[in-house]
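See structure below.
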Amino acid sequence: MLPKANRLKNRRHFAGVYRQGIRHQTPHLTLRALGPAKLGIDPLSANAPPTKIGIVVSKKVDKRAVYRNRIQRQLRAKLREYLPRIPNGWRLAIVVRPGTKPCQSNEFIPELERLLSKIADKH
Numbered sequence: 013m014l015p016k017a018n019r020l021k022n023r024r025h026f027a028g029v030y031r032q033g034i035r036h037q038t039p040h041l042t043l044r045a046l047g048p049a050k051l052g053i054d055p056l057s058a059n060a061p062p063t064k065i066g067i068v069v070s071k072k073v074d075k076r077a078v079y080r081n082r083i084q085r086q087l088r089a090k091l092r093e094y095l096p097r098i099p100n101g102w103r104l105a106i107v108v109r110p111g112t113k114p115c116q117s118n119e120f121i122p123e124l125e126r127l128l129s130k131i132a133d134k135h
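The opening position of the sequence shown corresponds to residue 13 in our numbering, with each subsequent residue numbered one higher.
So this is what it looks like as C-alpha cells:
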C-alpha cells in the first residue's frame, strides 16, 4: 500500500491529470503526469505537497479481479521503492494497457522504471 499522503484518490484529481498532463507510453503501461509547474507549485519549497500516484487497471486488462489486483500490488510495491526519487508536487496516473498479465511482471516492471525515470529526470 502506498502511504496515504501519496495516493491519488479524488476523481477530480484524476480528471485533471488526464486533461492537462503529459503522456508517456510503453507496450504495457501509460503514464499520465501533471507536473508541479502546471499546478503552480514550487517543488523545491519546504511546503510542496507530496507526489500523488494513482493506478488504473480496467476490466479490459482482465475480467477477473484477482488478476487486476495482482497487477496493482506488483505496481504498488515497485512504486513504494521508487517514490523517494520522484520530486514533490507531481500527480501521476499509471494506466495498465489491455493485454498485460500479472505473470508478465518481469516485462512491465522495467517499463514502469523507465517511465518514472523520465519524471525523476525533470527534477
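Glycine is no exception: its CB is placed at the ideal position from the N, C-alpha and C atoms.
Contact check, residue i vs residue j under 8 Å by CB: the rounded distance?
| i | j | result |
| --- | --- | --- |
| Ala-60 | Gly-101 | 5 Å |
| Ile-83 | Pro-114 | 5 Å |
| Leu-127 | Leu-14 | Going by Cβ atoms, the distance from Leu-127 to Leu-14 rounds to 16 Å, so no, they are not a contact pair. |
On the three-state DSSP scale, how would you describe residue i?
| i | result |
| --- | --- |
| Ala-27 | helix |
| Ile-83 | helix |
| Arg-44 | strand |
| Val-68 | strand |
| Val-73 | coil |
Are the CB atoms of residue i and residue j nearer to each other than 8 Å?
| i | j | result |
| --- | --- | --- |
| Arg-85 | Val-69 | no |
| Leu-20 | Arg-103 | yes |
| Lys-64 | Asn-18 | yes |
| Leu-87 | Ile-67 | yes |
Taking the beta strand (DSSP E) that residue i belongs to, which residues open and close that run?
| i | result |
| --- | --- |
| Leu-104 | 103-108 |
| Ile-34 | 34-37 |
Looking at the secondary structure, which residues open and close the alpha helix (DSSP H) in which residue i lies?
| i | result |
| --- | --- |
| Leu-20 | First-last for Leu-20: undefined, no H or E at that position. |
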